[in-house]
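So the structure is just underneath, and the comments pick up after that.
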Amino acid sequence: MIGIVLAALSGLVWGVGDFAGGKASQRADALVVVVLSKAASLPLLLLYLLLMPASASPPVLAWGAAAGVFGVLGMFVFYRALAGGAMAVVAPVSAVTTALLPVVVGLVSGERPGAVALSGAGCAIVAIALVSLTPSAGARVTRGLIGLALLSGLMFGLFFTCLDRAGGSSGLWPIVGAQLAALAVGGYPLARRLRSRGVPGVVLRGATLRWLVAAGALDMSANALYLLAVHRGDLSIIAPVASLYPVTTVLLAMAVDRERMRPVQLAGLGLAATALVLVAS
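Structure representation (structure tokens):
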């Protein structure tokens, strides 16, 4: 039960972090936001390590680094897919693939959750797809866009799976590996862009900076919560619950930006609540 609660909390925090990252990306380049937000989260990660000490080992850091690489590559691919304009297709395809891959990996690895809990995981996957649906701008859906959406979901799903493989006695050291690897992968293209264009001044001050720092702290905290959760429950159940983060983002968009929710998204919210009840039972 503790694992389910931690997974739900991680999804909640991820959703708030995604909202903050989206607000920052409205004012600055997405690559700048992704990389600098991760850099800004490192002091908080150091504090977490001091509060929850554990021993590090090369395999633990390697699994964490793999997770970080898959995570940041997934972000880049996802942004490229969204740039194609067919968000109503790209977002749900990516989200469902993200949640489905850990379920398959967990079941193949020998996990045998109860039928009710597994039904809850299935409901969560459908809810994620419904909540992620956005109005279409009429863009043409091509095989290439579908491929990018599937690839981004695969990368995010591997991020979840790699953190699970890091081991339960490693504390938060896998997150250290993940953050440093993500910075290494994202730092090179960012450095090239900054050399050619200069540092966008708007990133370094005002609301943009606040959104960027908040996004980094929340994303890293959600990673830590997920890591703690997945070592207290089955991957096939924990990952779909944690993947419900679009619910939080949509609700914040309604409350802060006054966006209107579509009926299909309301149905997704109800199904998400059903999923949590089934999994918790």
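In our numbering, the protein residues as written are 823 to 1103. Don't be surprised by glycine CBs; every beta carbon is placed ideally from N, CA and C.
Which first and last residues belong to the alpha helix (DSSP H) in which MET1076 is found?
MET1076 -> alpha helix (DSSP H) spans 1067-1079.
Grab the span of the alpha helix (DSSP H) containing SER974 for me, first residue to last.
Looking at the DSSP string, the run of the alpha helix (DSSP H) that includes SER974 is 965-987.
By the 10 Å Cβ neighbour count, where 16 or more other Cβ atoms means buried, how is ASP1079 classified, buried or exposed?
Per the 10 Å Cβ criterion, exposed.
If you check the beta carbons only, do ALA888 and ALA1064 fall under 7 Å apart?
Going by C-beta atoms, ALA888 is not nearer than 7 Å to ALA1064.
Answer yes or no: do ALA815 and GLY989 have a C-beta to C-beta separation smaller than 7 Å?
Because the chain here runs from 823 to 1103, residue 815 falls outside it and cannot be looked at.
Given ALA842, which residues of its chain have a CB within under 7 Å of its CB, disregarding the five upstream and five downstream residues?
Correct list, in chain order: TRP1033, ALA1036, ALA1037, LEU1040.
Rounded C-beta distance between VAL835 and SER1043? I'm assuming under 8 Å.
Correct: roughly 5 Å between the Cβ atoms.
Where do the ends of the alpha helix (DSSP H) carrying GLN1087 lie?
Segment 1085-1102, the alpha helix (DSSP H) holding GLN1087.
Is it buried or exposed, GLY1023, if we count other Cβ atoms within 10 angstroms and call 16 or more buried?
Residue placement at GLY1023 cannot be trusted, given a pLDDT of 45 that sits under 50; the coordinates are not used to answer.
Which residues bound the alpha helix (DSSP H) around ASP1041?
That run of the alpha helix (DSSP H) goes 1028-1052.
Going by other Cβ atoms of all chains shown within 10 Å of its Cβ, with 16 needed for buried, is TYR1010 buried or exposed?
Flag for TYR1010 reads exposed.
Tell me which residues share the same chain as LEU952 and place their Cβ nearer than 7 Å to its Cβ, disregarding the 5 neighbours each side in the sequence.
Only VAL1086, GLN1087, ALA1089, GLY1090, LEU1093 meet the Cβ criterion.
Can you have a look at LEU869 and say buried or exposed, based on whether 16 or more other CB atoms are within 10 angstroms of its CB?
Exposed, because fewer than 16 other Cβ atoms sit within 10 Å of the Cβ of LEU869.
Note the first and the last residue of the continuous alpha helix (DSSP H) segment covering GLY942.
Looking at the DSSP string, the run of the alpha helix (DSSP H) that includes GLY942 is 937-954.
Check each candidate in GLY966, PRO880, VAL1101 and name the one with the smallest Cα separation from VAL915.
Ranking GLY966, PRO880, VAL1101 by Cα distance to VAL915 puts GLY966 first.
Could you say which of PHE981, SER847, TYR901 lies nearest to LEU923 if we only look at CA atoms?
Nearest option by C-alpha distance: PHE981.
Can you tell me whether ASP840 is helix, strand or coil according to DSSP?
Of the three classes helix, strand and coil, the one that applies to ASP840 here is helix, per DSSP.
Using 8 Å as the Cβ pair cut-off and three pairs as the minimum, do the region 1050-1058 and the region 970-985 touch?
Counting Cβ pairs under 8 Å, three or more are found: they touch.
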